[in-house]
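Position 114, counted from 1, in the sequence shown is what this note's numbering calls 120; the numbers after and before it change by one each time, with no gaps.
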Amino acid sequence: MGRAGPLHLYYADRRCLADDLVATLVTAADRERSAALTHPRRRAEFLAGRALLRYALEQFTGRSGPSHELRVTAEGKPECVAGPAISLSHSGEILACAVAAGSSIGVDVETRKPRTPAMALAAQYFSAFEVSWVEADPDRRFQMLWVLKEAYLKALGMGLAGGLGSLECRVEPPLIEARIAEGEAPPNLGLFAGRTCHLGVAWFGEPTRPINVASWFPAGGEDVLGPFERFATTGAPQ
Ligand SMILES: CC(C)(COP(=O)(O)OP(=O)(O)OC[C@H]1O[C@@H](n2cnc3c(N)ncnc32)[C@H](O)[C@@H]1OP(=O)(O)O)[C@@H](O)C(=O)NCCC(=O)NCCS
């Protein structure tokens with residue numbers, strides 16, 4: 007195992023997270039932040055995300071979830087003050103988070119088929135190489151490249167403003183080649199395939215870190231997503 011240690015990814019289904027459980031994990035500051043969101047569905051999504059992050063932090067540090075101070079950068083990236091790197095993603099009722107030692111990590115989960123045909127979106131956002139790769143299995147491969155690119159942009163802390171074209175992914179399982187503009191630090195990437203969805207993770211620094219993917223179904227319920235299998239990574243699989 008490398009010095010930086012493993013990356014921990016957790017996923018959950020919001021329909022299986024009871025309100026009272028979420029309430030025991032989130033803090034007054036989380037509630038205050040959620041109050042600024044106008045749509046009730048978005049408020050519930052935000053609080054479920056905070057609960058998942060705090061659960062993951064509890065597992066990682068051994069300290070209670072609510073004891074961690076979370077802040078958000080001007081660009082929207084959540085950070086744990088004096089704690090590990092974190093990242094969060096939602097897709098429909100599904101949420102996923104990442105926690106790891108280090109300065110920055112990005113995660114993205116996607117369960118939905120795009121409303122616009124995948125090839126049209128690929129032509130708009132992806133490089134010529136990526137478009138030709140997507141063509142062989144459009145819905146699935148579009149989703150794979152999308153989660154990798156979003157994970158990268160989240161690790162950078164930029165969100166979509168960073169531009170989906172700033173990273174080109176050449177996926178040849180079990181390997182991914184990440185191409186970025188000259189002079190930029192290349193990300194390390196991991197791509198995991200669930201039953202009908204994909205999970206992407208991006209981080210900088212040590213390239214070969216173990217990646218653990220675990221579900222969080224505290225009250226039982228059917229896991230319609232997992233198990234997640236490792237599909238491809240940059241660097242040697244661990
Ligand atoms: C950040 C972004 C990549 C999120 O992508 P998405 O697929 O829509 O949503 P996801 O659920 O995967 O990710 C959302 C989470 O990413 C995190 N996030 C938001 N901005 C981020 C950033 N700049 N860097 C890293 N993480 C970020 C947050 O935790 C957020 O969830 P939360 O608000 O519930 O805490 C993308 O939406 C974006 O850049 N948005 C910019 C803002 C925007 O476009 N607004 C629309 C016009 S009003």
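Glycine residues also receive a C-beta, built at the ideal position from the N, C-alpha and C atoms.
query: Does DSSP classify Ser-93 as helix, strand or coil?
result: Within the sequence shown, the letter at position 87 stands for residue 93. In the structure shown, Ser-93 sits in a strand (DSSP, three-state: E or B).
task: Have a look at Arg-147 and Thr-122 and give me their C-alpha separation to the nearest angstrom.
output: Position 141 of the sequence shown holds residue 147. Position 116 of the sequence shown holds residue 122. C-alpha separation (whole angstroms): 15 Å.
task: Answer yes or no: the CB of Gly-196 versus the heavy atoms of ligand 1, is any distance below 7 Å?
output: What you label residue 196 is simply residue 190 of the sequence shown in a count that begins at 1. It does not: the Cβ of Gly-196 is nowhere closer than 7 Å to a heavy atom of ligand 1.
- prompt: DSSP beta-bridge partners for Cys-22?
  reply: The residue you call residue 22 lines up with position 16 of the sequence shown. Answer is none; Cys-22 lacks a bridge partner.
message: Threshold first: 4 residues or longer. Then list the alpha helix (DSSP H) segments lying entirely within the segment 82-137, N to C.
response: 124-131
task: Compare the C-alpha of Ala-220 against each of Ala-34, Leu-58 and Val-32 and name the closest.
output: Residue numbering aside, residue 220 sits at position 214 when the sequence shown is read from its first letter. Among Ala-34, Leu-58 and Val-32, the Cα nearest to that of Ala-220 is on Leu-58.
message: Shorter than 7 Å, the distance from the beta carbon of Asp-245 to the closest heavy atom of ligand 1, or not?
response: Nothing about residue 245 can be reported from this structure: the residues present for the chain run from 7 to 244 only.
task: Identify, in the order they occur along the chain, each residue of the same chain with its Cβ nearer than 7 Å to the Cβ of Met-7, setting aside the five sequence neighbours on each side.
output: As a first step, residue 7 must be located in the sequence shown, where it is residue number 1. Note that Met-7 scores a pLDDT of 48, beneath 50, so its modelled location is shaky and nothing firm can be said.
message: Is it the case that the segment 54-70 contacts the segment 81-101, given that we only count it when at least three CB pairs across the two stretches are under 8 Å?
response: yes
query: Quick one: is Gly-196 buried, meaning 16 or more other Cβ sit within 10 Å of its Cβ, or exposed?
result: Taking the first residue of the sequence shown as 1, we reach residue 196 at position 190. So Gly-196 ends up on the buried side.
- prompt: Once you ignore the five residues that flank Ala-208 on each side, which residues in its own chain have a CB closer than 6 Å to its CB?
  reply: Here residue 208 refers to the residue found at position 202 when the sequence shown is read from its first residue. For Ala-208, where only same-chain residues beyond five positions count, the Cβ hits under 6 Å are Gly-112, Ala-157, Tyr-158, Ala-161, Pro-193 and Leu-195.
message: Can you check which of these residues, Gly-71, Arg-60 and Val-115, is closest to Arg-201 by C-alpha distance?
response: The residue labelled residue 201 in the question sits at position 195 within the sequence shown. Nearest option by C-alpha distance: Val-115.
- request: List the whole-angstrom C-beta distance separating Leu-205 from Phe-234, where the pair is believed to meet the contact cut-off of C-beta under 8 Å.
  value: Indexing the sequence shown from 1 puts residue 205 at position 199. Indexing the sequence shown from 1 puts residue 234 at position 228. Sure, about 6 Å apart at Cβ, within 8 Å.
DSSP three-state assignment for Leu-181, whether helix, strand or coil: For this step, residue 181 is matched to residue 175 along the sequence shown. If DSSP states are grouped into helix, strand and coil, Leu-181 belongs with the strands.
- prompt: Relative to ligand 1, is the shortest distance from any of its heavy atoms to the C-beta of Asp-114 smaller than 7 Å?
  reply: Taking the first residue of the sequence shown as position 1, residue 114 is located at position 108. At least one heavy atom of ligand 1 is nearer than 7 Å to the Cβ of Asp-114, so yes.
query: Which term fits Val-153, buried or exposed, when burial requires 16 or more other beta carbons within 10 angstroms of its beta carbon?
result: Translated into the one-based positions of the sequence shown, residue 153 becomes position 147. Val-153 is buried by the Cβ-count criterion.
Spatial distance of Tyr-61 from Phe-52 (CA atoms): Counted from its first residue, the sequence shown places residue 61 at position 55. Counted from its first residue, the sequence shown places residue 52 at position 46. Answer to the nearest angstrom: the Cα atoms are 14 Å apart.
task: Determine the direct distance from the alpha carbon of Ala-42 to that of Lys-155, and round the result to whole angstroms.
output: As a working note, residue 155 is residue 149 in the sequence shown. As a working note, residue 42 is residue 36 in the sequence shown. Lys-155 and Ala-42: Cα-Cα distance of roughly 28 Å.
query: Measuring CA to CA, which of Leu-76, Asp-26, Tyr-17 and Ala-10 is closest to Glu-38?
result: Looking up residue 38 in the sequence shown gives position 32. Among Leu-76, Asp-26, Tyr-17 and Ala-10, the Cα nearest to that of Glu-38 is on Leu-76.
query: Taking 7 Å as the cut-off, is the CB of Phe-52 close to at least one heavy atom of ligand 1?
result: As a position in the sequence shown, residue 52 is number 46, starting the count at 1. Yes, the Cβ of Phe-52 comes within 7 Å of a heavy atom of ligand 1.
- request: For my contact list, Gly-108 and Gly-211 are in at a C-beta cut-off of 8 Å; report their separation, rounded to the angstrom.
  value: Here residue 108 refers to the residue found at position 102 when the sequence shown is read from its first residue. Here residue 211 refers to the residue found at position 205 when the sequence shown is read from its first residue. Right, the Cβ-Cβ distance comes to about 6 Å (below 8 Å), so this counts as a contact.
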